[in-house]
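Participant: Residue numbers (numbering that gives the first Met the number 0): 0 to 207. All C-beta atoms in this analysis are idealised placements derived from N, C-alpha and C, irrespective of residue type, glycine included. Being a predicted model, the structure only gives us computed values, none of them experimental. Sharing a structure below in structure tokens format, with a few things to ask.
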Amino acid sequence: MVSKRVQEHSATAKTLAVAEEYGAESLIVGAAVEVNRRQRAKMVDKIERLMEGELCGMRVAVLGLAFKPETDDMREAPSVEIIRELVRRGALVTAYDPVAVEAARPLLPEIEYAGDEYAAVEGADLLVIVTEWNQFRALDMRRVRDLMRAPRIADLRNVCDLGVVAELGFEYVGVGRSLGPVSEELRDEAREVAESAGFDTREAVALA
0 MVSKRVQEHS ATAKTLAVAE EYGAESLIVG AAVEVNRRQR AKMVDKIERL
50 MEGELCGMRV AVLGLAFKPE TDDMREAPSV EIIRELVRRG ALVTAYDPVA
100 VEAARPLLPE IEYAGDEYAA VEGADLLVIV TEWNQFRALD MRRVRDLMRA
150 PRIADLRNVC DLGVVAELGF EYVGVGRSLG PVSEELRDEA REVAESAGFD
200 TREAVALA
């Protein structure tokens, strides 16, 4: 049985449905929904840049589905729009979350789900980390690299050790950091994107 919180996974979308009964308010809330959607699509633009402009047919592993760790709450979870946009651009997505898989299935029926993080990354061209579960901080990155078809990581929660991923030869971008220099202009742009997409406003997603 699908829980009520899965059926009404987005608090903003729920507010929109109520606002529609009252007229003009719906325009404001609808605009906010659209801004969030576009900003999360912009994050995928930056992920696509890591893939040298090619997502179609690429296998993408997504670790983390829930809005935050230690919950299966999918309301306002950035993973939903990010994954939908990846799929729209032709990516083949396999996802894993320690507890939120069943809550995510009704929202993301078009993707595959793995039994653990290592099964998710097997054969992947790109790994995207969306929720900062502690077990993702403890990933055996050498094993991850060996399982992937290409060693690329978009770390949206800064769970990876930069020294380790550099030593192992990963292509890497993260939140306000990368393996190379990041300009202030890029940091400002990334901060705006991250805030609008529902990430911590103190963070900036520097995916370039």
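1) Do I82 and A94 have their C-beta atoms closer together than 8 Å?
2) Along the chain, where does the beta strand (DSSP E) that runs through G162 open and close?
3) Name the DSSP beta bridge partners of A102, please?
4) Determine, using beta-carbon pairs with one atom in the segment 98-112 and one in the segment 56-74, whether at least three such pairs fall under 8 Å.
5) For P97, would you say it is in contact with chain E, using Cβ-to-Cβ distances shorter than 8 Å as the test?
6) Tell me the DSSP bridge mates of D154?
7) Helix or strand or just coil, what does DSSP make of L91?
8) With which residues is E111 paired in a DSSP beta bridge?
9) Just to confirm, is the Cβ distance from F169 to R151 under 8 Å?
10) Compute the Euclidean distance between the alpha carbons of A137 and E166, then round it to the nearest angstrom.
11) Can you give me the start and stop residues for the beta strand (DSSP E) that A119 sits inside?
12) What's the call for G173, buried or exposed, on a 16-neighbour Cβ count within 10 Å?
13) Using three-state DSSP, classify A123 as helix, strand or coil.
14) Taking 6 Å as the limit between beta carbons, can you name the residues of its chain near G122, skipping five residues before and five after?
15) Please confirm whether A119 and A60 have their CB atoms less than 8 Å apart.
16) Quick check on the DSSP output: the alpha helix (DSSP H) that includes R142 runs from which residue to which?
17) Closest by CA to I110, which one among R48, G52, L62 and V163?
18) Where V86 and V92 are concerned, what is the direct C-alpha to C-alpha distance, given to the nearest angstrom?
19) Buried or exposed for E53, please, with buried defined as at least 16 other CB atoms from any protein chain shown within 10 angstroms of its CB.
20) Would you mind reading off the limits of the beta strand (DSSP E) that contains R74?
21) DSSP on L85, reduced to helix/strand/coil?
Facilitator: Straight from the coordinates:
1) yes
2) First-last for G162: L161 to E166, but that is the alpha helix (DSSP H), not the beta strand (DSSP E).
3) In the DSSP output, where bridge partners are listed per residue, A102 has none listed.
4) yes
5) Of the protein chains in the structure, only one exists, and it is not chain E.
6) I128 and G173
7) strand
8) T93
9) Contact: yes.
10) Across the structure, A137 and E166 are spaced so that their CA atoms are roughly 16 Å apart.
11) From DSSP, A119 is part of no beta strand (DSSP E) but of the alpha helix (DSSP H) over E116 to V120.
12) That one is buried.
13) coil
14) R58 and R148
15) yes
16) M140 to L146
17) L62
18) 7 Å
19) exposed
20) Neither: R74 is in no beta strand (DSSP E) and is coded neither H nor E.
21) helix
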